[in-house]
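*Asks:* The sequence shown begins at 2 in this note's numbering and counts up one residue at a time.
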Amino acid sequence: MRRNRRHLAALIAAVFCLCAVFASFAAAEDVPTPDGHLQTDEDKLFEFWSQPAGGTGLTNGEAVYAFDFPSAEANPGMEYFYSGSTEYGGGCDTNLVMWEQGGGIEEISVFRLRWDLLFSVHNTETDEWACGCIAQYAPDLFGELDLSGTTTHAVNSEGGSTHISALNLNDCANLTAVAFTDQAFCREFSALNCPQLNSIDARRCDYRRINVRPKDYSSSVELYSVGNGSVGLCGRDGSYTAEASGAGFVGWFSNGICVSTNPLLNIAEGIRAAACFAGDVNGDGAINITDSLLIMRCALELGDELPLAAADADCSGAVGIPDALLTARVAMGNRCGSDN
């Protein structure tokens, strides 16, 4: 009996030690780095800056500064004095990130796609000075922008045009506003578990999937596109409108029912809707199992050929069985997003 008690006591002590170790790891994540940031912020930013910037031979971080800045070499007789860096330091920070003090640490105030370089110019021949000069730079960035779990307050794409393919802002407790527009290569946007998010402008991109849960919504909003078109979302303070963009728009489908043929759709919390630009191959204004069977027969070369724009639901460039299955999902109200 005594031996069992000693074993039990040792086991309990070991459990407490493990709990202390895990607690120390958890606490370490909340300890500011030497730069005053959270480690999560630095890791996410560094990962994005380390991604290749397309085929340029640069990383995203280096692309931020890939410009011909005003210099004495290009303008003899002039001296230039910059207020900020003009090269990437290899860390988590670039001039696209603005920080602010909050909660005892430096939080990400806004991630933007354009930055301003402030400088002064001295004419050495006339000894004249021009102060407060501003040059704006908008680099081309590539890959997924994943800021999930960071302290980010806002994301703003104004003035930039990039190859960013997806925007992930899940679990950003401080996020209040997202204005990520006019990004022709961005196909996905997600902002779940962001309790302060009350302003969204996600339009004029190639969004094929949007999944967000705005402030005070008890459940998320899911938007998808079927066919060669895109979806968007805009609004604030609980009032949001979805937008379908593209040729051949059939309508918005939710739970297997066409809820609107207007490209603009007022959003209710919990809605899961597909903006359909394909699937209605018999032209009756609905997407149902009949359409799916017609696409299936065409894919198996058992029926008539169908117009590609109407039958290519997954945007693969050909009519196949996946198009029939995707159309069936829309008809039955199942998850209707395409992975392409």
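The beta carbon of each residue, even a glycine, is placed where N, CA and C say it ideally should be.
Taking the C-alpha atoms as reference points, what is the distance between Ala-28 and Leu-119?
*Replies:* Low confidence applies to Ala-28: its pLDDT is 35, below 50, so where it sits in the model is not reliable enough to give any reading.
*Asks:* Just mark Ile-258 as buried or exposed, buried being the case when its beta carbon has 16 or more other beta carbons within 10 Å.
*Replies:* exposed
*Asks:* Could you tell me the alpha carbon to alpha carbon distance between Thr-328 and Cys-93, rounded to whole angstroms?
*Replies:* 44 angstroms
*Asks:* Is it right to say Pro-308 is buried, meaning 16 or more other beta carbons lie within 10 angstroms of its own, or is it exposed?
*Replies:* exposed
*Asks:* I believe Ala-276 touches Gly-230 by the beta-carbon criterion, under 8 angstroms. Please report the beta-carbon distance rounded to the nearest angstrom.
*Replies:* 6 angstroms
*Asks:* Taking just the CA atoms, how far does Glu-302 sit from Glu-63?
*Replies:* 51 angstroms
*Asks:* Mind checking who Cys-259 pairs with in its DSSP beta bridge?
*Replies:* Phe-254
*Asks:* How about Gly-104: is its C-beta nearer than 8 angstroms to some C-beta of chain C?
*Replies:* Any reference to chain C falls outside this structure, which holds one protein chain only.
*Asks:* Using C-beta distances below 6 angstroms, list every residue in its chain close to Ala-243, excluding the 5 sequence neighbours before and after it, in chain order.
*Replies:* Correct list, in chain order: Leu-224, Leu-234, Leu-266, Ile-268.
*Asks:* State yes or no: is the C-beta of His-164 within less than 8 angstroms of the C-beta of Phe-190?
*Replies:* no
*Asks:* Starting from Ile-296, trace the alpha helix (DSSP H) in both directions and tell me its first and last residue.
*Replies:* 290-300
*Asks:* Could you give the distance in angstroms between the alpha-carbon of Val-320 and the alpha-carbon of Gly-105?
*Replies:* 57 angstroms
*Asks:* Comparing alpha-carbon positions, which option in Ala-279, Val-251, Ile-272, Thr-41 lies nearest Gly-286?
*Replies:* Val-251
*Asks:* Is the distance from the Cβ of Gly-85 to the Cβ of Asn-96 below 8 angstroms?
*Replies:* yes
*Asks:* In three-state DSSP terms, what is Thr-60?
*Replies:* strand
*Asks:* Return the Cβ separation of Ala-310 and Ala-279 in integer angstroms, given the expectation that the two are a contact with Cβ distance under 8 angstroms.
*Replies:* Right, the Cβ-Cβ distance comes to about 7 angstroms (below 8 angstroms), so this counts as a contact.
*Asks:* Going by DSSP in three states, Ser-51 sits in which element: helix, strand or coil?
*Replies:* helix
*Asks:* Determine the DSSP secondary structure at Glu-270, reduced to helix, strand or coil.
*Replies:* DSSP places Glu-270 in coil when its eight states are reduced to three.
*Asks:* Start and end of the alpha helix (DSSP H) containing Asp-324?
*Replies:* 322-333
*Asks:* For Gly-161, which of Glu-48, Thr-262, Tyr-89, Phe-186 has the nearest alpha-carbon?
*Replies:* Phe-186
*Asks:* Per DSSP, Gln-137 is paired with what?
*Replies:* Asp-117
*Asks:* Around the Cβ of Trp-130, are there at least 16 other Cβ atoms within 10 angstroms (buried) or fewer (exposed)?
*Replies:* So Trp-130 counts as exposed.
*Asks:* Along the chain, where does the beta strand (DSSP E) that runs through Ala-248 open and close?
*Replies:* Element bounds for Ala-248: n/a, residue is neither H nor E.
*Asks:* Let me know if Pro-215 comes out buried or exposed under the rule of 16 or more other beta-carbons within 10 Å of its beta-carbon.
*Replies:* buried
*Asks:* Can you check whether the CB of Asn-175 is closer than 8 angstroms to the CB of Ala-192?
*Replies:* no
*Asks:* Return the chain-ordered list of same chain residues with a C-beta closer than 7 angstroms to the C-beta of Ile-211, the five sequence neighbours on each side being excluded.
*Replies:* Phe-190, Ala-203, Leu-224, Val-232, Leu-234
*Asks:* In this structure, what does DSSP give as the bridge partners for Thr-242?
*Replies:* Cys-235, Asn-267
*Asks:* Identify which residue in Ser-293, Ser-121, Cys-316, Phe-254 has its Cα closest to the Cα of Ala-73.
*Replies:* Ser-121
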